[in-house]
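For the sequence shown, the positions run 14 to 321 when my numbering is used.
For each residue, glycine too, the CB sits at the ideal point set by N, CA and C.
Just so it is clear, the structure is predicted and the values come from calculations on it, not from any experiment.
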Amino acid sequence: MDPLEDVLALLGATAHLSAGLVAGGRWAVRFDPPAGAKFNAIRRGSCHLRVEGEAEPIALHEGDCYLLTRPVAYTLFSDPDVPAQPAYPIFAAAGDGVAHAGEGADMFLIGGAFSLGDRGRSLLLDGLPPVIHVPADAGEAATIRWALDQIDIELRRPQLGSRLVAEHLALVLLIQVLRVHLARDPQHTSGWLAGLADPVVAPALRAMHARPAQQWTVDAIARTAAVSRSTLAARFRKVVGVGPLEYLTGWRIELAADRIRHGSDPVAAIARAVGYGSESALSVAFKRVTGVSPRAYRQGVAGSVPGG
14 MDPLEDVLAL LGATAHLSAG LVAGGRWAVR FDPPAGAKFN AIRRGSCHLR
64 VEGEAEPIAL HEGDCYLLTR PVAYTLFSDP DVPAQPAYPI FAAAGDGVAH
114 AGEGADMFLI GGAFSLGDRG RSLLLDGLPP VIHVPADAGE AATIRWALDQ
164 IDIELRRPQL GSRLVAEHLA LVLLIQVLRV HLARDPQHTS GWLAGLADPV
214 VAPALRAMHA RPAQQWTVDA IARTAAVSRS TLAARFRKVV GVGPLEYLTG
264 WRIELAADRI RHGSDPVAAI ARAVGYGSES ALSVAFKRVT GVSPRAYRQG
314 VAGSVPGG
């Protein structure tokens with residue numbers, strides 16, 4: 014099991030493409046904080062990105078893309094001295110699927126957002142830096158360029174299902190950006206995502222994700238990584254921030270919570286499926302991690318559904 018695929022599937026990640034932006038001359042557009050992860054890709058020309066809380070703007074050129082992982086405001090601009098226009102009115106007026114700023118058409122970008130569900134930020138986004146910038150000339154960016162080209166084609170020459178195809182391609186882009194970041198800049202990643210780039214921790218994570226219900230011990234997990242128990246325990250805690258069994262508990266609770274949200278299996282059956290010998294054992298761990306019992310969690314989910 015690939016832990017990244019595992020987590021994205023559990024989160025139910027979906028992509029939503031927004032209107033493109035054409036801009037020229039001297040211009041600046043300020044965007045409200047995005048609800049999830051946000052991406053843009055420069056298809057023509059260049060501009061700058063300033064993210065609230067970050068010291069320096071990022072120069073963006075044709076073929077570059079970036080991923081924003083925090084709910085903070087940001088500004089795209091050609092000239093830092095131009096007062097920024099709010100993005101909402103500009104994009105609300107984009108009747109042809111393209112918003113316009115400034116004078117002319119020097120720059121064109123496409124973009125969208127990723128919805129990751131209620132748990133997405135803590136499971137995926139919190140382990141990433143606020144901005145991931147992938148320059149067009151990055152050696153690992155070929156697949157990103159391919160995905161962007163295909164999205165562009167689907168949007169410019171619509172066919173049956175083009176919107177859905179483009180949104181699935183955007184998910185490919187998300188995975189590729191994460192791959193590039195983990196390969197290029199693992200020191201600016203934390204948590205289990207950092208573990209995916211670590212030669213000792215990665216096989217341990219893959220083993221636990223492949224068989225979460227197995228009765229794992231630290232010794233058994235260490236054998237999957239071909240290291241000693243002490244080496245695995247120290248390395249796992251240093252890279253991921255928690256011990257391997259603590260991580261396993263958290264992942265089992267995520268799996269149990271997902272089953273509760275999306276199914277009607279008895280808690281006892283869910284307990285067995287995720288590696289607990291009894292309903293009471295799962296209940297103790299579930300309440301320790303989430304603050305509520307599995308039954309209370311299920312009641313809360315039912316209460317949050319309209320008509321439930």
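When the Cα of residue i is compared with those of the options, which residue comes out closest?
i    : options                : result
V253 : D139, V305, P148       : D139
R56  : C78, A72, G38          : C78
G76  : A28, P307, D162, T237  : D162
P102 : V111, V297, L187       : V111
R265 : A298, D278, A281       : A298
A220 : H181, A207, T237       : T237
A286 : L258, A239, R224       : R224
A114 : F52, A32, S135         : A32
F52  : G108, R132, I157, R311 : I157
G37  : A155, A217, L218, M120 : M120
R308 : E67, G288, I283, Y289  : I283
Can you tell me whether DSSP reads residue i as helix, strand or coil?
i    : result
V280 : helix
T230 : coil
V314 : helix
R308 : helix
V193 : helix
V213 : coil
S203 : coil
S243 : helix
D198 : coil
R219 : helix
G152 : coil
R176 : helix
R224 : coil
Could you give the first and the last residue of the continuous beta strand (DSSP E) run that contains residue i?
i    : result
G37  : 33–37
G110 : Segment: none, G110 is in no beta strand (DSSP E) and carries neither H nor E.
A28  : 27–30
L138 : Neither: L138 is in no beta strand (DSSP E) and is coded neither H nor E.
Going by DSSP, which residues form a beta bridge with residue i?
i    : result
M120 : A36
K2   : This structure leaves residue 2 out entirely; the chain is present only between 14 and 321.
S59  : H74
L168 : DSSP lists no partner for L168.
V42  : L89, Q98
V287 : DSSP, once it has assigned bridges, lists no residue as partnering V287.
V64  : Y87
In terms of residue numbering, what span does the alpha helix (DSSP H) encompassing residue i cover?
i    : result
V144 : Premise fails: V144 lies in the beta strand (DSSP E), 144–147, not in any alpha helix (DSSP H).
V255 : Looking at the DSSP string, V255 is not in any alpha helix (DSSP H), and its letter there is neither H nor E.
P16  : 16–24
E69  : Where E69 is concerned, there is no enclosing alpha helix (DSSP H), given that its DSSP letter is neither H nor E.
A298 : 292–303
Check whether the Cβ atoms of residue i and residue j lie closer than 9 Å to each other.
i    : j    : result
G86  : D45  : The sequence given here places Ala at residue 86; Gly does not occur at that position. Yes; because the gap between Cβ atoms is below 9 Å, this pair is in contact.
P16  : T82  : no
F127 : A50  : yes
I71  : V190 : no
L30  : A160 : no
R63  : F90  : yes
A233 : T244 : no
L23  : R132 : yes
W40  : D92  : yes
L195 : V147 : no
Is any heavy atom in the ligand NAD found nearer than 8 Å to the beta carbon of residue i?
i   : result
E18 : The ligand NAD is not among the ligands present in this structure, which contains no ligands whatsoever.
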